[in-house]
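Numbered according to the working numbering, the sequence shown spans residues 1212 to 1389. All C-beta atoms in this analysis are idealised placements derived from N, C-alpha and C, irrespective of residue type, glycine included. Report on one structure; see the data block that follows.
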Amino acid sequence: MSRDIFEYNQGMEQDRVDTILAQWRRERPDLDPAPMGIIGRIARADRILGRAIEARFAHFGLNRGEFDVLATLRRNGPPYRLTPTGLFPALMLSSGAMTTRLDRLEQAGWIARIPDPTDRRGVLVELTPQGIELVDVVVASHLENEERLLAALTAAEREQLAALLRTLLIQLEQSSDR
1212 MSRDIFEYNQ
1222 GMEQDRVDTI
1232 LAQWRRERPD
1242 LDPAPMGIIG
1252 RIARADRILG
1262 RAIEARFAHF
1272 GLNRGEFDVL
1282 ATLRRNGPPY
1292 RLTPTGLFPA
1302 LMLSSGAMTT
1312 RLDRLEQAGW
1322 IARIPDPTDR
1332 RGVLVELTPQ
1342 GIELVDVVVA
1352 SHLENEERLL
1362 AALTAAEREQ
1372 LAALLRTLLI
1382 QLEQSSDR
């Protein structure tokens, strides 16, 4: 980060990352800690947001991973079913973790495993009527919670942040796929 930008930020409200950056600038003036500012803020925001999101899901007896399964099935549209393999790309889980998650959701009555009519050995994971009802309530509550969490940003700032994060994520995903 250039000295001009750093000095400009001095008039702004400071966060914990600013303290860390100032300490590094003092101790190692030969290094530019600007990347730490971005990565550190993303990491801290992820932890804080993650706790708030998990707390909202817990209110419904779910964790984030379980919500992800239900939401993936729901947003795929009727008949709200996929093969376990079809769930993998959206959830990025090992088969063992997927099985555990599906077992819990099935025991709660929110999904059912049904035989795949196109593959005698296969199974489909399907939202039950109770699962559809639950995910519809939870997603509305989740979006309200996310709206509350982003209240410090204007609509234009949200659009700008989303665009910047999209650009970063596209590059990171392409790099990790290599």
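Looking at the strands, I want to know which residues DSSP matches up with residue i.
i, result
"L1293", "V1336"
"D1330", "D1327"
Buried or exposed: where does residue i fall if 16 or more other Cβ atoms within 10 Å of its Cβ makes it buried?
i, result
"T1283", "buried"
"L1281", "buried"
"M1223", "exposed"
"I1249", "exposed"
At what residues does the beta strand (DSSP E) containing residue i begin and finish?
i, result
"D1226", "No beta strand (DSSP E) contains D1226, which DSSP labels as neither H nor E."
"A1323", "I1322 to D1327"
Within the continuous alpha helix (DSSP H) that includes residue i, where are the two ends?
i, result
"D1314", "S1306 to Q1318"
"F1268", "A1245 to A1269"
"G1276", "R1275 to R1286"
"T1378", "A1366 to D1388"
Go through its chain and collect everything with a Cβ distance to residue i's Cβ below 7 Å, but skip five positions before and after it.
i, result
"S1352", "R1267"
"P1244", "L1232, W1235 and R1236"
"A1373", "none"
Go through its chain and collect everything with a Cβ distance to residue i's Cβ below 8 Å, but skip five positions before and after it.
i, result
"A1319", "G1272"
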